[in-house]
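Undergrad: Using numbering that gives the first Met the number 0, the first residue of the sequence shown is number 0, and each one after it goes up by one. All C-beta atoms in this analysis are idealised placements derived from N, C-alpha and C, irrespective of residue type, glycine included. Questions regarding the structure given below will be posed in turn.
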Amino acid sequence: MHSVQFFTYTSTRLWGLRVDGADLRVHAADATRPRWQQEGNPDERTPEAVEDFLLHQYGGLTEAELGSPGRHFLGDAAPEVRDRATGATAVLGCPCGIWECWPLLTRITATADTVTWSAFRQPRRPAWGDLAVGPFVFPRTDYERSLAHAVHHAEDPLTALPPAEPPAGT
Numbered sequence: 000m001h002s003v004q005f006f007t008y009t010s011t012r013l014w015g016l017r018v019d020g021a022d023l024r025v026h027a028a029d030a031t032r033p034r035w036q037q038e039g040n041p042d043e044r045t046p047e048a049v050e051d052f053l054l055h056q057y058g059g060l061t062e063a064e065l066g067s068p069g070r071h072f073l074g075d076a077a078p079e080v081r082d083r084a085t086g087a088t089a090v091l092g093c094p095c096g097i098w099e100c101w102p103l104l105t106r107i108t109a110t111a112d113t114v115t116w117s118a119f120r121q122p123r124r125p126a127w128g129d130l131a132v133g134p135f136v137f138p139r140t141d142y143e144r145s146l147a148h149a150v151h152h153a154e155d156p157l158t159a160l161p162p163a164e165p166p167a168g169t
């Protein structure tokens, strides 16, 4: 089983989370790195700029977008933040502030004992298919406790990360 920690950050109270101690945006960066590499680097970004882009390609969701965070993150999201075809739920959005620009979607399945996140996708890149993230299975009691007691950070906690190490072999 995996561990989860929900948090909010900045004065706009964006919702984010860590899975097994790592920000979900780090998991997404690791999963999308090879996809972006396949598409090439047309603007000749430096390796540091590429890593910064990968880590900041997603942002948290506001409570206005989530409606009820408890319902949203237990798989009962509002239709506006779900993919109609798959039922997947937005768990991260675009850092521009319009979540639909670049959402990270996942299928959330809640049972009496567990909450599972699976089939992560970037709907703006259908050719990418399911991303190599998860599935994550969380004990439901721990998940609900973290959701009810989300820690608040005045700043985005991701910005405090040290510079990323370049991938092995580069």
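1) Compare the C-alpha of residue 85 against each of 93, 91, 94 and 74 and name the closest.
2) How about residue 5 and residue 117: do their beta carbons lie closer than 8 Å?
3) Just the C-alpha distance for residue 66 and residue 45, rounded to the nearest angstrom, thanks.
4) Residue 140: buried (16+ other C-beta within 10 angstroms of its C-beta) or exposed?
5) In chain order, what residues of the same chain lie with their CB nearer than 7 Å to the CB of residue 16, ignoring the 5 residues before and after it?
6) What number of angstroms, rounded off, separates the C-alpha of residue 32 from the C-alpha of residue 99?
7) Under 8 Å, do residue 9 and residue 155 count as touching if we go by C-beta distance?
8) Measuring straight from C-alpha to C-alpha, what distance separates residue 63 and residue 0?
9) Going along the chain, which unbroken runs of the beta strand (DSSP E) with 3 or more residues stay wholly within the stretch 8 to 84?
10) Less than 8 Å separating the beta-carbons of residue 58 and residue 104?
11) Alpha carbon to alpha carbon, how far is residue 30 from residue 128? Give it in angstroms, no decimals.
12) Pick out whichever of 93, 79 and 137 has its Cα sitting closest to the Cα of residue 121.
13) Counting only the same chain and skipping the five closest in sequence on each side, list residues whose C-beta sits under 6 Å from that of residue 149.
14) Take the Cβ of residue 123 as the centre, count every other Cβ of all protein chains shown within 10 Å, and call the residue buried at 16 or more, exposed below.
15) From residue 77 to residue 71, what does the alpha carbon distance come to, in whole angstroms?
16) Could you tell me the distance, in whole angstroms, from the CA atom of residue 13 to the CA atom of residue 38?
17) Can you tell which of 143, 147 and 131 has its C-alpha closest to the C-alpha of residue 34?
18) Please list the terminal residues of the continuous beta strand (DSSP E) segment that includes residue 106.
TA: Here's the rundown:
1) 74
2) no
3) 39 Å
4) exposed
5) 3, 4, 5, 6 and 23
6) 21 Å
7) yes
8) 30 Å
9) 13 to 18
10) no
11) 11 Å
12) 93
13) 5, 6 and 7
14) exposed
15) 7 Å
16) 30 Å
17) 131
18) 103 to 109
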